[in-house]
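Visitor: I have a structure here, written as structure tokens, and I will follow up with some questions on it.
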Amino acid sequence: MGKPKVATVWCEGCAGCHMSFLDLDEALLDVLSKIELTVTPITDFKNYAFPLLDLGIVEGGIGNEEQVEIVRHMREKSRIIMAWGDCAVFGGVNTLRNHIPVKDLLRYGYTQTAGTINGVIPIHAELPLLLEKVLPLNGVIAVDCYIPGCPPSPEAIAYGLTEILNGRVPVLPRELIHYD
23 MGKPKVATVW
33 CEGCAGCHMS
43 FLDLDEALLD
53 VLSKIELTVT
63 PITDFKNYAF
73 PLLDLGIVEG
83 GIGNEEQVEI
93 VRHMREKSRI
103 IMAWGDCAVF
113 GGVNTLRNHI
123 PVKDLLRYGY
133 TQTAGTINGV
143 IPIHAELPLL
153 LEKVLPLNGV
163 IAVDCYIPGC
173 PPSPEAIAYG
183 LTEILNGRVP
193 VLPRELIHYD
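For reference, each letter of the sequence shown is one residue, going 23 to 202 in my numbering.
Now the structure itself:
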């Protein structure tokens, strides 16, 4: 039997969770020796044709139609889904836009900001449409485990991955939950 297949995606967030993963430092080598990391933004891989996965990890809130498609596809291919960080767990700071209609956000962001000259709201088939509200991951798909934090500490990530690899659902000890 091969190594467990793991993929990560970065939705609407800051990449802090992936940076914490990289901040495992030497322990990252141990983690990577135990898994097959198939798809991840760390390698700038943008093809979301996931193989069958043992673990799918999602960072970020869900704020546009493309992200909905990506996480639904990941859910279909994954035995376990992990929400990584507060944006995936709760929606995060991105939910601050939830009380403003999308059309008003776009108009302000593209035509009314101080540095905008002759601004135009982009409309292109390749640009995903924003959802009316940013959602936590469990607002779109079933989630099996949560690693909160902003970002979660490298120790919390290592703990969560170790628990999953040992067949347990991670429940973070209080001392591993940080908001830096």
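Just so you know, even glycine gets a beta-carbon here, dropped at the ideal spot from N, CA and C.
Just so we're clear, the structure is a prediction, and the values are computed from it rather than from any experiment.
For His95 and Trp106, what's the separation of their Cα atoms in angstroms?
Guide: 17 Å
Visitor: Quick check on the DSSP output: the alpha helix (DSSP H) that includes Lys56 runs from which residue to which?
Guide: 48-56
Visitor: Compare the Cα-Cα distances from Ile64 to each of Ile79, Pro73, Asp52, Leu75 and report the closest residue.
Guide: Ile79
Visitor: Answer yes or no: do Cys33 and Gln89 have a C-beta to C-beta separation smaller than 7 Å?
Guide: yes
Visitor: Thinking C-alpha only, which one of Asn160, Leu194, Ile186, Tyr181 is nearest Arg97?
Guide: Asn160
Visitor: Output the residue ranges of the alpha helix (DSSP H) runs that lie fully inside the stretch 62-133 and measure 4 residues or longer, sorted by chain position.
Guide: 87-99, 107-112, 124-129
Visitor: Which stretch, first to last residue, makes up the beta strand (DSSP E) that contains Tyr168?
Guide: 167-169
Visitor: Can you check which of these residues, Lys25, Ser42, Cys36, is closest to Ser175 by C-alpha distance?
Guide: Nearest neighbour of Ser175 by Cα position, chosen from Lys25, Ser42, Cys36, turns out to be Ser42.
Visitor: For the stretch 122-132 against the stretch 179-188, are there 3 or more C-beta pairs whose distance is under 8 Å?
Guide: no
Visitor: Consult DSSP for Leu44 and reduce its assignment to one of helix, strand or coil.
Guide: Annotated three-state conformation of Leu44 is helix, per DSSP.
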